[in-house]
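If you read the protein sequences in the order shown, they are chains A and B.
For the first sequence, position 39 (counting from the first letter as 1) is numbered 39 according to my numbering, and the numbering increases by one without interruption.
For the second sequence, position 58 (counting from the first letter as 1) is numbered 257 according to my numbering, and the numbering increases by one without interruption.
Protein chains: 2
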Amino acid sequence: MADSFAALIQLLAKLPGLGPRSARRAALFLLKRRESLMQPLAAAMAEAAQRIRACSTCGNLDTADPCAICADPRRDAGLVCVVEDVADLWAIERTGAYAGRYHVLGGTLSALDGIGPEDLGIDALARRGAQGVREIILAMNATVEGQTTAHYIMDRLAALPLQVSRLAHGVPVGGELDYLDEGTLSAALASRQVLKGAG
Amino acid sequence: MADSFAALIQLLAKLPGLGPRSARRAALFLLKRRESLMQPLAAAMAEAAQRIRACSTCGNLDTADPCAICADPRRDAGLVCVVEDVADLWAIERTGAYAGRYHVLGGTLSALDGIGPEDLGIDALARRGAQGVREIILAMNATVEGQTTAHYIMDRLAALPLQVSRLAHGVPVGGELDYLDEGTLSAALASRQVLKGAG
């Protein structure tokens, strides 16, 4: 196998979701689509590596700083949604149901990996919270790490005169009770919504 | 989402094994490893797209033409192994058990997709067969398409004074009979190897 081929496969195999075998398949697939895919992808990658940077306000990735969301005057600057990762920001943006700003942590607190509050920009979040923010929504993943981080952030924000909320737990839309784990079902029961009062 | 980001994700999603969701993950993964992965991968891709070409003798992909295998004098030019795809050539090379040359078809005969013998270089194979080749090994996949193509090639080579063989069917090494399909087991029975004669 040619050296430049082996190098390509080795790099492709580092992508999440691709192992050595699928990296070989991907490399062959690319070589068969040189003009239509391989060269455009190489160019797009080089361009993105050069132009995309983290927004200094919220941590979102964009070609502009501040990012398009922070720079948009139609988005409510009084509402800040805290997410672990840019992928979570995209997930919320895809709903089209949120018109506030964001704060991207870039991870969760982890004593094991040596990730402390300063690595996640929690000081910056507290400073933003003190400057005209009405509500901070904690939208961390419902994992132990995510919830630990959420608790820590809540403690840090406790003294500030703003509302702190978190995403609701419950039955996923379209989900079947029979297949749901006990934790989610318990949370859905505890947070049940009243449809009609007792009166 | 920034335009250059969206373009990158759209191109990544075209790779085999990556869908829209995993392409987003891969793009974020790359952007977090700009220097260590993203720029090297972009460069490797651009270089491979420019330098790697099909060997005009055997169809293998390499930076040189003839490819390293065709140019290697230690490899037996009298033995040609016919494979569907470069990935199959690599698979055979990984065994380290083959020291002949190759012929890469680049697909299988398919009336539906309009792929005829001329698209697979079968004429070129017949010409190679007429020039000092002792044996041609048909190593197509054990699929209907692969075996149809193998039959066609065998017919084309019938008049030439050379041996034509195919890979053995049988129990995979480490395989359990209980989990084997009937076709493989029948083939293994029919091709059983004598350990001790009746005498």
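Positions of the beta carbon are idealized from the N, C-alpha and C atoms, including for glycine.
Cβ neighbour criterion (16 or more within 10 Å) applied to residue i
i: B:D261; result: buried
i: B:Y378; result: exposed
i: A:L177; result: exposed
i: A:P40; result: buried
i: B:E317; result: exposed
i: A:E182; result: exposed
i: A:L31; result: buried
i: A:L160; result: exposed
i: B:L394; result: exposed
i: A:L112; result: exposed
i: B:L211; result: buried
i: B:D287; result: buried
i: B:V343; result: exposed
i: A:G132; result: exposed
i: B:T307; result: buried
i: B:R273; result: exposed
i: A:T149; result: buried
Residue i versus the options, residue with shortest Cα-Cα distance
i: A:A38; options: B:R326, B:M237, B:E246 and B:L388; result: Note that residue 38 of chain A corresponds to Met in the displayed sequence, not to Ala. Minimum Cα distance to A:M38 is reached at B:E246.
i: A:V104; options: A:A42, A:V194 and A:A139; result: A:A139
i: B:L324; options: B:L366, B:G277, B:D312 and B:I291; result: B:G277
i: A:L28; options: B:R224, B:A267, B:L207 and B:E283; result: B:E283
i: B:R224; options: A:T143, A:A54, A:L15 and A:R34; result: A:L15
i: A:A130; options: A:A158, A:E145 and A:G114; result: A:A158
i: B:D322; options: B:E234, B:D202 and B:C257; result: B:C257
i: B:H368; options: B:R355, B:L361, B:G374 and B:T383; result: B:T383
i: B:A270; options: B:V332, B:G299 and B:F204; result: B:G299
i: A:R166; options: A:I136, A:A49 and A:A68; result: A:I136
i: A:G106; options: A:Y98, A:D76 and A:N141; result: A:N141
i: A:V173; options: A:A188, A:Q163 and A:L162; result: A:A188
i: A:A44; options: B:S385, B:R252, B:A206 and B:D354; result: B:A206
i: B:D202; options: A:G175, A:A68 and A:Q193; result: A:A68
i: B:I352; options: B:G315, B:R220 and B:G374; result: B:G315
Opening and closing residue of the beta strand (DSSP E) in which residue i lies
i: B:A276; result: D275 to V282
i: A:D102; result: Note on residue identity: the sequence assigns Tyr, not Asp, to residue 102 of chain A. G100 to V104 is the span of the beta strand (DSSP E), which, as asked, contains A:Y102.
i: B:I314; result: Here B:I314 belongs to no beta strand (DSSP E), and DSSP marks it neither H nor E.
i: A:E135; result: E135 to L138
i: B:R365; result: Q362 to R365
Neighbour flag for residue i against chain A, beta carbons, 8 Å
i: B:I251; result: yes
i: B:G313; result: no
i: B:L319; result: no
i: B:E375; result: no
i: B:L207; result: yes
i: B:G216; result: yes
i: B:R224; result: yes
i: B:L240; result: yes
i: B:S390; result: no
i: B:V303; result: no
i: B:S203; result: yes
i: B:S255; result: no
i: B:R273; result: no
i: B:A243; result: yes
i: B:S221; result: yes
i: B:L210; result: yes
Enclosing alpha helix (DSSP H) for residue i [first to last residue]
i: B:I208; result: D202 to L211
i: A:H151; result: V144 to L157
i: A:V86; result: V86 to T95
i: B:G218; result: Per DSSP, B:G218 belongs to no alpha helix (DSSP H) and is neither H nor E.
i: A:R128; result: I122 to G129
i: B:E375; result: Careful: B:E375 lies outside any alpha helix (DSSP H) and carries neither H nor E.
i: B:L388; result: E381 to A389
Min CB distance residue i to chain B below 8 Å
i: A:T63; result: yes
i: A:M38; result: yes
i: A:M140; result: no
i: A:V82; result: no
i: A:A202; result: Only positions 1 to 199 of chain A appear in this structure, which leaves residue 202 of chain A out of reach.
i: A:E145; result: no
i: A:A87; result: yes
i: A:L71; result: Residue identity differs from the one stated: residue 71 of chain A is Ala in this sequence, not Leu. Not one chain B Cβ lies under 8 Å of A:A71.
i: A:S110; result: no
i: A:E47; result: yes
i: A:R34; result: yes
i: A:L195; result: no
i: A:L28; result: yes
i: A:L31; result: yes
Ignoring anything shorter than 4 residues, give me the alpha helix (DSSP H) runs that lie fully in the segment 21-77 of chain A, in order along the chain. 39-51 and 68-71
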